[in-house]
Amino acid sequence: MNTQMKTEQFSVVRNTTTSRGAAVVTAMILIALISVPFWAGRADLRMIIEFAYYLSLAQMWNLLAGYAGLVSIGQQAFVGLGGYMLFVLAIYFNVPPIMAVFLSGLIVALFAIPTALTVFRLRGAYFAIGTWVVAEVYRLGFAQVTTLGGGSGQSLPASIVREIGSGRSEREMIIYFTALFIAVASIGLVYWLLRSKHGLSLTAIRDSEAASDSLGVDIFKTKLAVYVISAGITGVVGALIFLQKLRISPDAAFNLQDWTAAVIFIVVIGGIGTIEGPIIGTLIYFILRGVLADYGSVYMIVLGVVAVVMMLKAPQGVWGFLSKKYDLHLFPVHRRLKAKDELE
Amino acid sequence: MKDNNNKRRLANGLSRRNFLKTSGGLVAGAALVGGLGSAPAFAKQRVIKFGYVTPQTGPLAPFAEADNFILNGVREKLKNGIQIGSRTYPVEIIVKDSQSNPNRAAEVANELILSDEVDLMLVSSTPETTNPVSDQCEINEVPCISTVAPWQPWFFTRGGKPETGFEWTYHFFWGLEDVVENYTNMWDSLNTNKVVAGLFPNDGDGNAWGHKELGFPPVLAKKGFTLVDPGRFQSLTDDFSAQISAYKNADAEIVTGVVIPPDMTTFWSQAKQQGFNPKVASIGKGILFPSSVESLGQAAHNLSTEVWWSPNHPFNSSLTGQSAREIATGYTQSTGKQWTPPLGFTHALFELAVDIMQRVDSLGEAEAIRDALLATELDTVVGPISWKNGPVKNVAKTPLVGGQWRQGGDFMYDLVITNNQTAPMIPVASDMQPLS
Numbered sequence: 005m006n007t008q009m010k011t012e013q014f015s016v017v018r019n020t021t022t023s024r025g026a027a028v029v030t031a032m033i034l035i036a037l038i039s040v041p042f043w044a045g046r047a048d049l050r051m052i053i054e055f056a057y058y059l060s061l062a063q064m065w066n067l068l069a070g071y072a073g074l075v076s077i078g079q080q081a082f083v084g085l086g087g088y089m090l091f092v093l094a095i096y097f098n099v100p101p102i103m104a105v106f107l108s109g110l111i112v113a114l115f116a117i118p119t120a121l122t123v124f125r126l127r128g129a130y131f132a133i134g135t136w137v138v139a140e141v142y143r144l145g146f147a148q149v150t151t152l153g154g155g156s157g158q159s160l161p162a163s164i165v166r167e168i169g170s171g172r173s174e175r176e177m178i179i180y181f182t183a184l185f186i187a188v189a190s191i192g193l194v195y196w197l198l199r200s201k202h203g204l205s206l207t208a209i210r211d212s213e214a215a216s217d218s219l220g221v222d223i224f225k226t227k228l229a230v231y232v233i234s235a236g237i238t239g240v241v242g243a244l245i246f247l248q249k250l251r252i253s254p255d256a257a258f259n260l261q262d263w264t265a266a267v268i269f270i271v272v273i274g275g276i277g278t279i280e281g282p283i284i285g286t287l288i289y290f291i292l293r294g295v296l297a298d299y300g301s302v303y304m305i306v307l308g309v310v311a312v313v314m315m316l317k318a319p320q321g322v323w324g325f326l327s328k329k330y331d332l333h334l335f336p337v338h339r340r341l342k343a344k345d346e347l348e
Numbered sequence: 266m267k268d269n270n271n272k273r274r275l276a277n278g279l280s281r282r283n284f285l286k287t288s289g290g291l292v293a294g295a296a297l298v299g300g301l302g303s304a305p306a307f308a309k310q311r312v313i314k315f316g317y318v319t320p321q322t323g324p325l326a327p328f329a330e331a332d333n334f335i336l337n338g339v340r341e342k343l344k345n346g347i348q349i350g351s352r353t354y355p356v357e358i359i360v361k362d363s364q365s366n367p368n369r370a371a372e373v374a375n376e377l378i379l380s381d382e383v384d385l386m387l388v389s390s391t392p393e394t395t396n397p398v399s400d401q402c403e404i405n406e407v408p409c410i411s412t413v414a415p416w417q418p419w420f421f422t423r424g425g426k427p428e429t430g431f432e433w434t435y436h437f438f439w440g441l442e443d444v445v446e447n448y449t450n451m452w453d454s455l456n457t458n459k460v461v462a463g464l465f466p467n468d469g470d471g472n473a474w475g476h477k478e479l480g481f482p483p484v485l486a487k488k489g490f491t492l493v494d495p496g497r498f499q500s501l502t503d504d505f506s507a508q509i510s511a512y513k514n515a516d517a518e519i520v521t522g523v524v525i526p527p528d529m530t531t532f533w534s535q536a537k538q539q540g541f542n543p544k545v546a547s548i549g550k551g552i553l554f555p556s557s558v559e560s561l562g563q564a565a566h567n568l569s570t571e572v573w574w575s576p577n578h579p580f581n582s583s584l585t586g587q588s589a590r591e592i593a594t595g596y597t598q599s600t601g602k603q604w605t606p607p608l609g610f611t612h613a614l615f616e617l618a619v620d621i622m623q624r625v626d627s628l629g630e631a632e633a634i635r636d637a638l639l640a641t642e643l644d645t646v647v648g649p650i651s652w653k654n655g656p657v658k659n660v661a662k663t664p665l666v667g668g669q670w671r672q673g674g675d676f677m678y679d680l681v682i683t684n685n686q687t688a689p690m691i692p693v694a695s696d697m698q699p700l701s
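Keeping their order, the protein sequence lines are chains A and B. Just so we're aligned, residue 5 is where the first sequence starts under our numbering, counting upward by one. Just so we're aligned, residue 266 is where the second sequence starts under our numbering, counting upward by one.
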């Protein structure tokens, strides 16, 4: 009787006033971003594109590490594969570049299945090292393919880039909207996934594999799905990146520092295991880089110091800290209990 | 009471004051990011802008060691600006660090093109730096001069076709044909069995040198040398036993290759340990800098390499009037360091930039700068440069000679020119000597 009364006084909710406000603000930011190519300069476009692909990479790494507990340090394998697939499709199969970007992601997702079957035999730190080894295998493998330039690399012919649009501004606008779409889609996907029942199983696996197994969560299937989805989107981003860079070589494509270390930095600083974290982290990374990149090795030292200090003082990252202190949830994925009288 | 507090927090989520603080921070952050990409909006006097991409940090950093010395000299020389038409414009040189990373090189090239809107792009040091920057300039239609990379890996791996070439990107340096020529001339001056051990890694330079049609193999065959090529290897290998035993089995008396300095150290010490003692070793890249030669200890005496530039080259700067020797001595005096070949080429890069801008009729047209570049006929500190009679469109060649690292000079090792058959105007200092 007593219990009955209590359950009636509470209800389970997700959205908060701030999250509803945040949804409005997000919509406004999105509209603003859509209008950018019509008034901003080429340099601003280029920077937002770079921001978009780092944000997408960070969301995907966060999905793996922050929600599924799969700490991979080999995501550069999929960035590089995506990049190479773009070159293969565009140069040898005459696929229009933008279509090739998305098709590359699909191919990368296929590659991710056998990769997952290999690395899933490993756990924890061994899994992390295993993913790195796989990425190195891909790097060394592509260095042997002479039709793709071998170890020297290859440039994307200017004629292929010109296929994207009739003029320079049209071309840049198309790439901009593609990048924006990929970033929004990757945030949306993570948000949707975590609010679905898969989100629950994911966090359950992260917190305790044994416990979630005993509760009937299909661990292998859930992990595989997340790994393949994240690899596919990372591949799309990789193709987009090398459409921007115009030149690919094994060392550039499978670059640990650019495509994984920087991304881990972003997620850890911003706040791992949150959707907001990677956004904040990407902002911080771009600010630090913009201010310090011209100071040579000082820049690397500052990045390292920031990472170490954050891990010691605020391991939950900037967003984790803010969200705990002020109970902020812009993209609410957790269910929370609320007393009925508060809802009115 | 406590419960009440808790409720209020839950209901409001966040107090008004705290929200203002947080959102204020976010807006400031966003504004900061927004401001990074765009130039200040206030009106400014038109400035001539040179963008310069160079690997100041990372494994390629020795190439950029002389940058600051050269830049200080050039900035001092240009402090009164350059005259174009009837007006004098101030000159700004914007330097960006590629961090020895081709991805970063492409990105900083874009910043220079899009944010700084440079009039002329300059880039130096290895295909890993020159190629991504040149590619960005080609697609963005910005004139670009690159150097310090043999022209084949710059031209062919970028998809260059000899008939059409590139529209906006130009290169000056020597080519593989010059290296082969110099190396074989040096080898011919010694008594050997003409069996050559090839040490080519799987990277931009290694693939070009070992290329079956465009690299060493066809020329060596034509000149009567036998090449032992055990295949491409991955840089930073820690075991060269397979290569060394292949060379020993073939009884090679000559070694050649283009390896990075750490690989040279590993290879050379393992060769000595395993009793492989060739009569001559001519290596590109790996023994370019005195620091890498010194790290080989006593075993580096008489190693040979191609010499792109030295204080003994009989050329003068068109910018400062200094001779090659004066520039090298000035560098040693101001930094306490031994001269390196990139010193001359970095200087020449800015000689070209200034000369081209002085011949432009009006500022603001990329085509005008490109046309002035094409009309260049300049005697620089690395030799005469003109794009009118290169091996392909877009490439101007500079002279190359051969030399050996010797002990007993001013520094621990000095690079002594021992063969000048390809460029007789550059004096020889000594005869070729076999390795002990």
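Don't be surprised by glycine CBs; every beta carbon is placed ideally from N, CA and C. All of these numbers come straight from a predicted model, not from anything done at the bench.
A check of alpha carbon separations from residue 313/A across 298/A, 48/A, 272/A identifies 272/A as the nearest. Taken atom to atom, the span from the alpha-carbon of residue 225/A to that of residue 112/A is near 18 Å.
For residue 274/A, the enclosing alpha helix (DSSP H) starts and ends at 266-274. For residue 436/B, the secondary structure class from DSSP, reduced to helix, strand or coil, is strand. Within the segment 567-636 of chain B, the complete beta strand (DSSP E) runs of at least 3 residues fall at 569-572. Assignment of residue 22/A by DSSP, reduced to helix, strand and coil, places it in the helix class. Cα atoms of residue 638/B and residue 428/B: separation of roughly 19 Å, rounded to the nearest angstrom. The shortest C-alpha to C-alpha distance from residue 538/B to any of 516/B, 505/B, 445/B is the one to 505/B. The segment 603-610 of chain B makes contact with the segment 550-562 of chain B, as at least three CB pairs between them are under 8 Å.
Straight across, the Cα-Cα distance linking residue 546/B with residue 419/B is about 26 Å. In this structure, the CA atom of residue 74/A is about 8 Å from the CA atom of residue 231/A.
Residue pairing by DSSP places residue 466/B opposite 498/B in a beta bridge. Using a CB distance cut-off of 8 Å, residue 685/B does not count as an interface residue toward chain A. Here DSSP, grouped into helix, strand and coil, assigns residue 483/B to helix.
Taking the beta carbon of residue 371/B as reference, the chain A residues within 9 Å of it are 248, 249, 250, 251, 256, listed in sequence order. Close partners of residue 334/A in chain B (Cβ separation under 9 Å) are lacking, with about 11 Å as the shortest Cβ gap. At a cut-off of 8 Å between beta-carbon atoms, residue 272/A makes no contact with chain B. Chain A places no beta carbon closer than 8 Å to that of residue 659/B, leaving this residue out of the contacts. Here residue 549/B carries a strand assignment [DSSP, helix/strand/coil]. At a cut-off of 8 Å between C-beta atoms, residue 384/B does not count as an interface residue with respect to chain A.
Unbroken alpha helix (DSSP H) runs of no fewer than 4 residues, entirely contained in the segment 35-85 of chain A, are found at 46-66, following chain order. The residue among 412/B, 424/B, 561/B with its C-alpha nearest the C-alpha of residue 152/A is 424/B. DSSP, reduced to helix, strand and coil, places residue 647/B outside both helices and strands of the structure shown, so it counts as coil. Between the segment 39-50 of chain A and the segment 193-203 of chain A, the count of C-beta pairs closer than 8 Å stays below three; the two stretches do not touch. Close to residue 379/B, with beta-carbon spacing below 9 Å, are these residues of chain A in chain order: 45, 46, 47, 48, 49, 50, 51.
Contact note: residue 259/A reaches chain B through 366, 368, using a C-beta cutoff of 8 Å and chain order. Interface annotation, residue 330/B: not in contact with chain A, CB-CB separation never under 8 Å.
The C-beta of residue 144/A comes closer than 8 Å to at least one C-beta of chain B.
Rounded to whole angstroms, the Cβ separation of residue 299/A and residue 269/A is 17 Å, and the two are not in contact under 8 Å. Contact of residue 468/B with chain A by beta-carbon distance below 7 Å involves 155, 156. The beta carbon of residue 490/B is closer than 8 Å to those of 449, 452, 459, 460, 461, 519 in its chain, skipping five residues each way along the sequence.
Below 8 Å, too few C-beta pairs join the segment 393-407 of chain B and the segment 337-349 of chain B to call them touching: fewer than three. No Cβ-Cβ contact shorter than 8 Å links residue 474/B with residue 501/B.
Beyond the five residues adjoining it in sequence on each side, residue 508/B comes within less than 6 Å, by CB distance, of 495 in the same chain, given in chain order. Taking 8 Å as the upper bound for CB-CB distance, residue 47/A and residue 379/B are in contact here, some 4 Å apart.
Under the Cβ criterion of 8 Å, residue 458/B is not counted among the residues facing chain A.
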